[in-house]
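Chains as they are written, first to last, in the numbering used here: chain W, 621 to 846; chain Z, 621 to 846.
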């Protein structure tokens, strides 16, 4: 399948690498591909820049946001939350009619760790993505675990934890759920309903960040025991 | 142990009944005891009024907020979130020096289900309780499950799910953790740190409410898989 991924950070890299390894045709989108390839410094968390990662993942293409979305059957938003709406707007009409999996979070690190949320409670970044791409079929998911668990939930307790999906288009959600199961091996996926539920799953990331701070390790996930 | 419980609703009733059954001396506090005993209608969720519940739980005393807290070794805030600060202020100096377990949530049902939160993200009801009772030792906990699971977590999957505590006083948290284990049987308790973490555990209740809406049953809980 042709898949576009918006965002060149560790989340975009991890998902792109996994999907390329499965034989998908992956293009990562960025604002300015030449500028992205020129960056040589690590990110704030010590992750390698895209240019370095790309050397061992050369099957993955790099292009503009719009070109990464063009021709793709499915597009994933893997940007830093602060950059999400600009990336989606830049992809523009290329997102029309497509399943758009938004996995970004509205994290505000301006006051350090743990972050607060720059949209929450009565609105969500997922809903803002849907407004910015009104003809895309937004599905909010994957945002509640780290990048390694997103693509390989079995790494933690055999995958015995829960992923949430929400969105306004039932067929798009069904496609996203199949994709999460087949590509990444997710077993327990809860469909919460429409996209307003992103308010709560994005809110969960505030708790994620605080557990990360208190335990000092990112390999954990939430299970809805029922 | 002498225990005061602020709030006469289903959460207050359930905790009071459980603690009385364990031999604790429990007084439930309310604004106006005579008015509470006069109420005969069920609450919005179909739960029995205190007066009816009290007939089969007559060991539990009913008194004012201040008198329920007076002489108690530990006080639990089990009010509707909208009533929490008034109850705490009414208990006033009787809370000084005591472990005050805040289990209430800042739920705003004014626009129906699912509720939003009337304080969140950069503040919490737990922190507001601490400001309203500056000499109490506030521990936020129990607010992320329903009342039956609060007092009997083993009812669900043998208790294989997680409870959070947070607060600014380490000794008070240790006392609360021992109490949760011994009185109710909690096994997996995570100490997240100071009381600002209530922002995230109260935020989790927004997700709780949405899972309740989508699954139409309240017997579930969150486990931090790690």
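No residue lacks a Cβ here, since even glycine has one placed at the ideal position from N, Cα and C.
Contact annotation: residue 784 of chain Z and residue 812 of chain Z have beta-carbon atoms nearer than 8 angstroms. Interface criterion met: the Cβ of residue 741 of chain W is under 8 angstroms from a Cβ in chain Z. Per the C-alpha coordinates, the member of W:694, W:699, W:650 and W:834 positioned closest to residue 727 of chain W is W:699. Around the C-beta of residue 837 of chain Z, fewer than 16 other C-beta atoms lie within 10 Å, and the residue is accordingly described as exposed. Less than 8 angstroms separates the beta-carbon of residue 737 of chain W from that of residue 822 of chain W. Of all residues in the stretch 814 to 825 of chain W, only 817, 819, 820, 821, 823 and 824 come within less than 8 angstroms of chain Z when Cβ atoms are compared, listed by chain position. Taking a cut-off of 8 angstroms for Cβ pairs, the stretch 668 to 679 of chain W and the stretch 626 to 642 of chain W touch, as three or more such pairs fall below it.
Using a Cβ distance threshold of 8 angstroms, residue 657 of chain Z and residue 820 of chain W do not count as a contacting pair. According to DSSP, residue 639 of chain W shares a beta bridge with no other residue.
Residues of the stretch 827 to 840 of chain Z with a C-beta less than 9 angstroms from any C-beta of chain W: 827, 828, 829, 830, 831, 833, 834, 835, 837, 839 and 840, listed in chain order. Of all residues in the stretch 761 to 795 of chain Z, the ones placed with a Cβ closer than 7 angstroms to any Cβ belonging to chain W are 776, 777, 780 and 781, in chain order.
If you check each beta-carbon in the stretch 641 to 655 of chain Z against every beta-carbon of chain W, none falls closer than 7 angstroms.
Residue ranges of uninterrupted beta strand (DSSP E) with 3 or more members, entirely inside the stretch 695 to 733 of chain W and ordered along the chain, are 719 to 722. Here the C-alpha atom of residue 718 of chain Z lies approximately 33 angstroms from the C-alpha atom of residue 660 of chain Z. Among the residues facing chain Z, residue 630 of chain W is not included, as its CB has no counterpart in that chain under 8 angstroms away. Rounded to the nearest whole angstrom, the C-alpha separation of residue 754 of chain W and residue 704 of chain W is 15 angstroms.
Residues of the same chain with a CB within less than 8 angstroms of the CB of residue 807 of chain Z, apart from the 5 flanking positions on each side, are 773, 779, 780 and 801 in chain order.
In the three-state scheme derived from DSSP, where H, G and I count as helix and E and B as strand, residue 825 of chain Z is classed as helix.
At a cut-off of 8 angstroms between beta-carbon atoms, residue 730 of chain Z makes no contact with chain W.
In the DSSP assignment, no residue is bridged to residue 680 of chain Z.
Interface criterion not met: the Cβ of residue 724 of chain W is under 8 angstroms from no Cβ in chain Z.
Approximately 17 angstroms separates the beta-carbon atoms of residue 735 of chain W and residue 818 of chain W; this is outside 8 angstroms, ruling out the contact.
Excluding residues up to 5 positions away in sequence, 686, 689 and 690 lie with their Cβ nearer than 6 angstroms to the Cβ of residue 714 of chain Z in the same chain. Taking a Cβ-Cβ threshold of 7 angstroms, the residues of chain W close to residue 844 of chain Z are 831, 840 and 842, in chain order. Under DSSP, the beta-bridge partners assigned to residue 649 of chain W are W:626 and W:683. Close to residue 736 of chain Z, with beta-carbon spacing below 9 angstroms, are these residues of chain W in chain order: 741, 742 and 819. Under the criterion of beta carbons closer than 8 angstroms, residue 630 of chain W and residue 680 of chain W do not qualify as touching, at roughly 14 angstroms.
Residue 627 of chain W is positioned such that its CB atom lies no closer than 8 angstroms to that of residue 756 of chain W.
For residue 759 of chain Z, the enclosing beta strand (DSSP E) has its first and last residue at 757 to 761. Assigned with DSSP and collapsed to three states, residue 665 of chain W falls in coil, not helix or strand. Rounded to the nearest angstrom, the gap between the Cα atoms of residue 643 of chain W and residue 623 of chain W is 11 angstroms. Under DSSP, no beta-bridge partner is assigned to residue 764 of chain W. Within the stretch 799 to 815 of chain Z, 810, 811, 812 and 813 place their CB atoms closer than 8 angstroms to a CB of chain W, listed in sequence order. The Cβ-Cβ distance between residue 725 of chain Z and residue 745 of chain Z falls below 8 angstroms.
About 10 angstroms separates the CB atoms of residue 721 of chain W and residue 749 of chain W; that is not less than 8 angstroms, and the two are not in contact.
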